[in-house]
Every structure is written in structure tokens, then in C-alpha cells.
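Engineer: There's a structure below that I have some questions on.
Protein chains: 2
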Amino acid sequence: MELGTATQLITRLIILWLLSERPLHGYRIKRILADVALRHWFPIETGSIYSVLKTLAAAGLVETEIVEREGQRPERTQFRITQAGREHYRELLRRAWTEVGRSSESFHLALAARSDLDESEIPELLAIRVKSLRQRISELEMASNSAPALAMVEHSRALTLADLTWTESELEKLNNRGATTSDI
Amino acid sequence: MELGTATQLITRLIILWLLSERPLHGYRIKRILADVALRHWFPIETGSIYSVLKTLAAAGLVETEIVEREGQRPERTQFRITQAGREHYRELLRRAWTEVGRSSESFHLALAARSDLDESEIPELLAIRVKSLRQRISELEMASNSAPALAMVEHSRALTLADLTWTESELEKLNNRGATTSDI
DNA sequence: GATTGATTAGTCAATCTTGACTATAATGGA
DNA sequence: TCCATTATAGTCAAGATTGACTAATCAATC
Chain A
3 MELGTATQLI TRLIILWLLS ERPLHGYRIK RILADVALRH WFPIETGSIY
53 SVLKTLAAAG LVETEIVERE GQRPERTQFR ITQAGREHYR ELLRRAWTEV
103 GRSSESFHLA LAARSDLDES EIPELLAIRV KSLRQRISEL EMASNSAPAL
153 AMVEHSRALT LADLTWTESE LEKLNNRGAT TSDI
Chain B
3 MELGTATQLI TRLIILWLLS ERPLHGYRIK RILADVALRH WFPIETGSIY
53 SVLKTLAAAG LVETEIVERE GQRPERTQFR ITQAGREHYR ELLRRAWTEV
103 GRSSESFHLA LAARSDLDES EIPELLAIRV KSLRQRISEL EMASNSAPAL
153 AMVEHSRALT LADLTWTESE LEKLNNRGAT TSDI
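This is the structure:
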């Protein structure tokens with residue numbers, strides 16, 4: 003079975019990841035993913051959960067386990083990962099380990115289109131970016147550090163730091179240039 | 003006017019970016035974006051171009067300039083950015099400069115779900131990742147270096163290098179551990 | 001002048017994604 | 001006891017995205 007977009011890959015991967023541990027119903031998945039720690043890393047909308055479950059079921063990667071109800075609560079459909087699902091999941095995981103994402107960042111467009119804003123705006127904008135990056139880093143430092151999360155956090159921190167370094171040096175270049183031009 | 007997904011933001015931004023320079027028709031945009039250098043950074047599918055143009059037109063950010071034909075070729079609808087479109091464009095650019103993307107990477111899931119693959123697979127997978135990252139870096143080094151592209155390339159290179167460093171150190175940790183365990 | 005292949009300009013059905021909304025049940029407080 | 005609030009479990013219409021496909025023209029070759 004083929005996958006479409008990058009979004010789709012990650013969404014399926016997340017659902018399969020949760021189901022690989024134990025059978026779950028849609029709403030439970032929704033609640034698990036709503037947890038602050040997870041939502042931050044893997045944001046998925048409510049609708050997508052059910053949509054993806056449906057697709058996975060159609061592909062035989064997941065199957066309806068039971069339709070049960072607790073007390074007079076609404077019915078809920080529990081899903082269980084199949085053998086095929088487990089194999090697919092592990093295959094997706096291998097790809098996730100090896101493939102380097104080609105995320106098209108809007109910041110890159112900003113750089114390419116630099117001349118479309120007043121050059122005088124750029125230092126302020128970069129300063130805001132620096133602030134955002136610092137904020138992100140401090141968030142990461144306070145992040146929960148259970149063992150598996152730790153690697154994620156550290157990887158993310160390393161990349162964000164590199165971004166910060168780059169951005170700061172760009173900003174400094176501008177400030178120096180600005181200083182020399184106006185001081186002479 | 004509000005924007006939905008991150009995908010949507012970048013797609014609109016790209017189209018507005020191209021239109022900010024001169025009026026274009028859909029197919030021309032398609033060809034411009036099909037160029038290797040651009041496709042690499044900002045991949046957009048054919049269908050999305052026309053879809054986004056339609057949305058932008060409905061929002062008054064873009065207007066149909068002329069429907070012309072060259073010789074007996076099919077008609078083509080040319081679009082021109084409006085004043086509102088220019089303002090929106092510049093606003094999106096400011097956001098692109100300042101906002102730090104929260105891209106949900108599947109590699110992070112791979113790290114979180116590390117125990118779902120055999121630990122013995124991990125070194126090979128990391129080695130492949132290292133190779134992919136090296137490849138990406140050498141691609142970036144050969145990349146076209148017109149002035150606006152340069153900043154993009156350097157930023158990307160800095161982040162990819164940080165990723166490489168992180169991944170290599172992770173791999174080395176594993177190799178050392180493997181060596182000591184099996185050598186004693 | 002016929003055939004083949006590339007180019008042009010875009011369409012559209014299938015699929016995916018979003019998030020506001022529904023309908024019921026349990027809970028807490030006055 | 002009654003009412004408001006929150007929790008449960010999901011639906012669905014509206015919008016976004018994909019990419020294979022169409023239908024015509026032009027260019028080159030046989």
C-alpha cells in the first residue's frame with residue numbers, strides 16, 4: 003500500500019504507534035493526543051483520527067475489535083492493529099529513521115523574497131525570530147524527559163540551536179553593517 | 003482572512019511571491035515551479051496551483067487579468083496580484099520571517115518508538131540516515147548560489163549539519179556500546 | 001503528408017483534512 | 001432536587017490536495 007503526502011505518513015504512523023501498544027477507540031486516541039506533551043510534537047485534528055482509522059481499516063492494517071459501551075455512554079468502536087498492520091508500522095518506522103525530511107519552510111521563502119520587504123524591517127523581524135527560537139529552546143529544556151522523549155527533545159534542541167546560531171549571526175551582520183554605514 | 007494549514011500558508015505564499023513580480027497564468031507558474039532548483043525547495047503539485055489561484059481570486063487577493071491565447075493554443079487565464087494581495091503577501095512574509103515552524107517530523111516518532119524495532123537494527127538505520135544527510139549536504143553545496151538563494155542554502159546547510167552531528171554522535175554511542183559489550 | 005512525440009493549458013474525480021457541531025450521560029453545586 | 005457544566009464518542013459538510021488524464025497544437029522525422 004502506498005502513502006500520499008508527508009502529512010499522511012506521519013498521521014498513520016502516530017495512530018499505528020498508539021495501536022501497536024494496545025487496542026483503542028477513536029475518542030481515546032483523541033484524548034491521548036490531546037495531552038500537552040504529545041500535542042506539541044504530533045498535532046492531529048479530531049477528524050483526522052477517525053478518517054485515518056477508516057483508511058487503515060480499509061487497508062486491513064487495523065480491524066474493528068468490538069463495539070462496546072460503558073454504562074449508558076455512547077457506543078465506541080475499538081480498533082486493534084493486525085499482523086499486516088504491524089509489518090506496515092515497522093516498515094514506516096524504518097523509513098522514518100532513515101529518510102531526511104524535505105520540509106518546505108516558509109522561512110526559506112522569506113529569505114528568497116527578502117527584497118520584497120523594506121530592508122529596514124529585516125533586523126526587527128530577525129530579532130523577533132531570535133526571540134521565538136530562544137523561547138522554543140527554553141521550552142525544550144523544560145520538556146518532560148522520560149527516556150524515549152529525551153532523544154526527541156535533544157535532537158530538536160540541537161537543530162533549534164543551530165537555527166538560533168545562524169539567525170543571530172545574520173542579525174549581527176546586519177547590525178554591524180547598519181552601524182558602520184550610519185556612523186561614518 | 004485566515005489561513006488553515008501550514009501547507010496552505012506556504013503554497014499561497016509561493017504563488018503570491020511569483021505573482022508579486024509579474025502577472026502569470028497557471029501553466030506558467032507550473033513551469034516555473036517545475037524548475038529543478040525551485041521544485042526542490044518549494045514543491046507544489048499542478049492541481050494545487052489552480053486551486054490556490056481560485057481561492058486567492060475569491061478572496062480578492064488576485065484578479066483575472068486577461069484571458070488570452072497565443073496562436074491557436076488553448077486559452078489561458080492570466081492572474082495579477084491586487085493591492086490587497088500585496089498587503090497580504092507582505093504580512094505573510096513577516097510571519098514567515100518571525101515564526102518558528104513546528105514541523106512534526108517522523109524522525110521524532112521513530113525516536114519515541116525506538117523500542118518497537120529490534121535494537122540491533124538501529125545502527126544500520128542510523129548509518130543510512132547519516133548517508134542521507136551527507137548526501138543532502140553535498141547537494142546543498144553544489145546548489146545554485148545566486149544571492150537570494152545563498153541565504154536559503156546556508157540556513158538549510160547549517161541545520162542539516164547540526165542534524166548530521168547529532169545523528170553521528172548517536173551512532174557512535176551505539177557502536178562504542180556494541181564494541182564494549184561484545185569485546186569483553 | 002502522415003505519424004510520432006513533445007508542449008501547452010488546464011480539468012476533475014478521488015481522496016484527505018479540518019474543526020465546529022451533535023447528542024447523550026455523568027458530575028457538582030446551590 | 002434541579003440546573004449548569006463538563007465529559008464522552010464521534011459525525012459531517014466544507015474546503016484542500018493530488019496527479020492521472022484530456023484535448024488540442026506545434027515540431028520533427030520519415
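Residue numbers (the working numbering), protein chains in the order written: chain A, 3 to 186; chain B, 3 to 186. Glycine residues also receive a C-beta, built at the ideal position from the N, C-alpha and C atoms. As the structure is a prediction and not an experimental result, all values here were calculated from the model.
Is the distance from the Cβ of T100 of chain A to the Cβ of L135 of chain A below 8 Å?
Structural biologist: As a working note, residue 100 of chain A is residue 98 in the first sequence. As a working note, residue 135 of chain A is residue 133 in the first sequence. No, the pair does not count as a contact, with Cβ atoms beyond the cut-off.
Engineer: Which residues, in order along the stretch 100-126 of chain B, keep a beta-carbon less than 8 Å from a beta-carbon of chain A?
Structural biologist: Answer set for the stretch 100-126 of chain B: T100, E101, V102, G103, R104, S105, S106, E107, S108, F109, H110, L111, A112, L113, A114, A115, R116, S117, D118, L119, E123 and I124.
Engineer: Do the CB positions of V69 of chain A and T79 of chain A come within less than 8 Å of each other?
Structural biologist: Numbered from 1 along the first sequence, position 67 holds the residue referred to as residue 69 of chain A. Numbered from 1 along the first sequence, position 77 holds the residue referred to as residue 79 of chain A. Yes, the Cβ-Cβ distance between V69 of chain A and T79 of chain A is below 8 Å.
Engineer: Taking 6 Å as the limit between beta carbons, can you name the residues of its chain near I51 of chain A, skipping five residues before and five after?
Structural biologist: Within the first sequence, numbered from 1, the residue matching residue 51 of chain A stands at position 49. Taken in chain order, the residues that qualify are G28, I31 and K32.
Engineer: Of the residues A:A145, A:E93 and A:A129, which one's Cα is nearest the Cα of D120 of chain B?
Structural biologist: Here residue 120 of chain B corresponds to residue number 118 of the second sequence, with the count starting at 1. Among A:A145, A:E93 and A:A129, the Cα nearest to that of D120 of chain B belongs to A:E93.
Engineer: Note down, in chain order, every chain A residue with its Cβ under 8 Å from the Cβ of R96 of chain B.
Structural biologist: Counting from one through the second sequence, the residue named residue 96 of chain B turns up at place 94. By Cβ distance, chain A contributes L119, E123 and L127.
Engineer: For F81 of chain A and chain B, any beta-carbon pair shorter than 8 Å?
Structural biologist: Your numbering for residue 81 of chain A matches position 79 in the first sequence. Judged by the 8 Å Cβ criterion, F81 of chain A is not in contact with chain B.
Engineer: Less than 8 Å between CB atoms is the rule here; does M144 of chain B satisfy it with respect to chain A?
Structural biologist: Residue mapping note: residue 144 of chain B aligns to position 142 of the second sequence, counting from 1. It does not: the Cβ of M144 of chain B has no partner Cβ on chain A nearer than 8 Å.
Engineer: What's the C-alpha gap between T7 of chain A and K133 of chain A?
Structural biologist: As a working mapping, residue 7 of chain A is identified with position 5 in the first sequence. As a working mapping, residue 133 of chain A is identified with position 131 in the first sequence. T7 of chain A and K133 of chain A: Cα-Cα distance of roughly 32 Å.
Engineer: Does D37 of chain A get closer than 8 Å to chain B when you measure Cβ to Cβ?
Structural biologist: For the purposes of this step, residue 37 of chain A is taken as residue 35 along the first sequence, with counting starting at 1. No, because no Cβ of chain B sits closer than 8 Å to the Cβ of D37 of chain A.
Engineer: Which residue marks the beginning of the beta strand (DSSP E) containing T100 of chain B, and which one marks its end?
Structural biologist: One-based indexing of the second sequence puts residue 100 of chain B at position 98. That residue, T100 of chain B, is in no beta strand (DSSP E); its alpha helix (DSSP H) goes Q85 to T100.
Engineer: How big is the Cα-Cα spacing for S171 of chain A and R116 of chain A?
Structural biologist: As a working mapping, residue 171 of chain A is identified with position 169 in the first sequence. As a working mapping, residue 116 of chain A is identified with position 114 in the first sequence. Going from the Cα of S171 of chain A to the Cα of R116 of chain A covers about 17 Å.
Engineer: Taking only beta-carbon atoms, is H27 of chain A less than 8 Å away from chain B?
Structural biologist: In the first sequence, counting from the first residue as 1, residue 27 of chain A sits at position 25. Chain B, which has no Cβ nearer than 8 Å to the Cβ of H27 of chain A, makes this no.
Engineer: What's the C-alpha gap between R97 of chain B and R97 of chain A?
Structural biologist: Taking the second sequence and counting its residues from 1, one reaches residue 97 of chain B at position 95. Taking the first sequence and counting its residues from 1, one reaches residue 97 of chain A at position 95. When rounded, the distance between both Cα atoms is 32 Å.
Engineer: What does DSSP give as the partner residues of I68 of chain A in its beta bridges?
Structural biologist: Locating residue 68 of chain A in the first sequence gives position 66, counting from the first residue. I68 of chain A pairs with A:Q80.
Engineer: Less than 8 Å between the C-beta atoms of Y91 of chain A and L18 of chain A, yes or no?
Structural biologist: The residue given as residue 91 of chain A occupies position 89 in the first sequence. The residue given as residue 18 of chain A occupies position 16 in the first sequence. Closer than 8 Å, so yes.
Engineer: Residues in the same chain with beta-carbon distance under 6 Å from L166 of chain B, minus the five sequence neighbours each way, listed in chain order, please.
Structural biologist: Translated into positions along the second sequence, residue 166 of chain B becomes position 164. Cβ within range, chain order: L135.
Engineer: Please determine, among B:F109, B:P125, B:L95 and B:E123, the residue with the shortest C-alpha to C-alpha distance to L111 of chain A.
Structural biologist: Here residue 111 of chain A is taken as the residue at index 109 of the first sequence, counted from 1. Ranking B:F109, B:P125, B:L95 and B:E123 by Cα distance to L111 of chain A puts B:L95 first.
Engineer: Check for me: the alpha helix (DSSP H) holding P125 of chain B runs from which residue to which?
Structural biologist: Along the second sequence, read from residue 1 onward, the residue named residue 125 of chain B stands at position 123. That run of the alpha helix (DSSP H) goes I124 to M144.
Engineer: Applying the 10 Å Cβ sphere with the 16-neighbour rule, what's the burial state of I186 of chain A?
Structural biologist: Within the first sequence, the letter at position 184 stands for residue 186 of chain A. Confidence is the limiting factor: at I186 of chain A the pLDDT is only 46, short of 50, which leaves the residue's position unreliable, though a coordinate-based value still follows. Exposed is the call here.
Engineer: In chain order, which continuous runs of the alpha helix (DSSP H) of length 4 or greater are located wholly inside the stretch 154-181 of chain A?
Structural biologist: The stretch 154-181 of chain A contains no whole alpha helix (DSSP H) run of 4 or more residues.
Engineer: Pick helix, strand or coil for L119 of chain A, following the three-state DSSP scheme.
Structural biologist: The residue you call residue 119 of chain A lines up with position 117 of the first sequence. L119 of chain A falls in the coil class under three-state DSSP.
Engineer: How big is the Cα-Cα spacing for P76 of chain A and A36 of chain A?
Structural biologist: Residue mapping note: residue 76 of chain A aligns to position 74 of the first sequence, counting from 1. Residue mapping note: residue 36 of chain A aligns to position 34 of the first sequence, counting from 1. Going by the C-alpha atoms only, they are around 20 Å apart.
Engineer: Let's test the definition: count the other Cβ atoms within 10 Å of the Cβ of R24 of chain B and tell me whether it reaches 16, buried, or not, exposed.
Structural biologist: Walking along the second sequence from the start, residue 24 of chain B turns up at place 22. Label assigned to R24 of chain B: exposed.
Engineer: Can you grab the Cα-Cα spacing for the pair A129 of chain B / F81 of chain B, in whole Å?
Structural biologist: Translated into positions along the second sequence, residue 129 of chain B becomes position 127. Translated into positions along the second sequence, residue 81 of chain B becomes position 79. Taking the straight line from one Cα to the other gives about 48 Å.
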